[in-house]
Amino acid sequence: EDPRVRVIPQIITDEEVQALLALTHPPADSEAIDPEIYASIEHCIAAAAGRPVEKMEPLKVGKCTPDMTPDGVDLSDQE
Numbered sequence: 001e002d003p004r005v006r007v008i009p010q011i012i013t014d015e016e017v018q019a020l021l022a023l024t025h026p027p028a029d030s031e032a033i034d035p036e037i038y039a040s041i042e043h044c045i046a047a048a049a050g051r052p053v054e055k056m057e058p059l060k061v062g063k064c065t066p067d068m069t070p071d072g073v074d075l076s077d078q079e
C-alpha cells in the first residue's frame, strides 16, 4: 500500500527550510547549521503524522535534477 502524501503549508520555519536547502550544497555550506534544527523538523513531521518520533523513519534529504525521477519509479504513463 502506498503511503498518503500531504502538503502542509508552513509546517517548518524559514530557518528550517534554509537548513534543508544547505544540505544539498557543498559541506561548507551546511557546517554552520545547528544540528538541533533537524531534530526540530523531525518533531514537526512526527506531530503532523500523529506518530512518536521514535516510530518515524530518519529524515533524509536528496537532491534531484529536473530530468531525474526521485524514487526511480516513473508514474507519468499510469492513469
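Read in my numbering, the sequence shown has 19 at position 19, and its numbers run on one by one without any break.
We put the beta carbon where it would ideally sit given N, CA and C, even for glycine.
Backbone CA spacing between residue 32 and residue 18 [nearest angstrom]: Rounded to the nearest angstrom, the two C-alpha atoms are 11 Å apart.
Report the option in 55, 67, 26 and 16 whose CA atom is closest to the CA atom of residue 40. Selected option, being the one with the closest Cα: 16.
Could you tell me how far apart the beta carbons of residue 61 and residue 24 are, in whole angstroms, since I believe they sit closer than 8 Å? With a beta-carbon spacing of about 7 Å, residue 61 and residue 24 fall inside the 8 Å limit used to define contacts.
Can you name, in chain order, every residue of its own chain whose Cβ lies under 8 Å from the Cβ of residue 11, other than the five neighbours on each side? Closer than 8 Å at Cβ, skipping near neighbours: 44, 45 and 48.
Specify, as a first and last residue, the run of the alpha helix (DSSP H) that residue 14 falls within. Element bounds for residue 14: 14-22.
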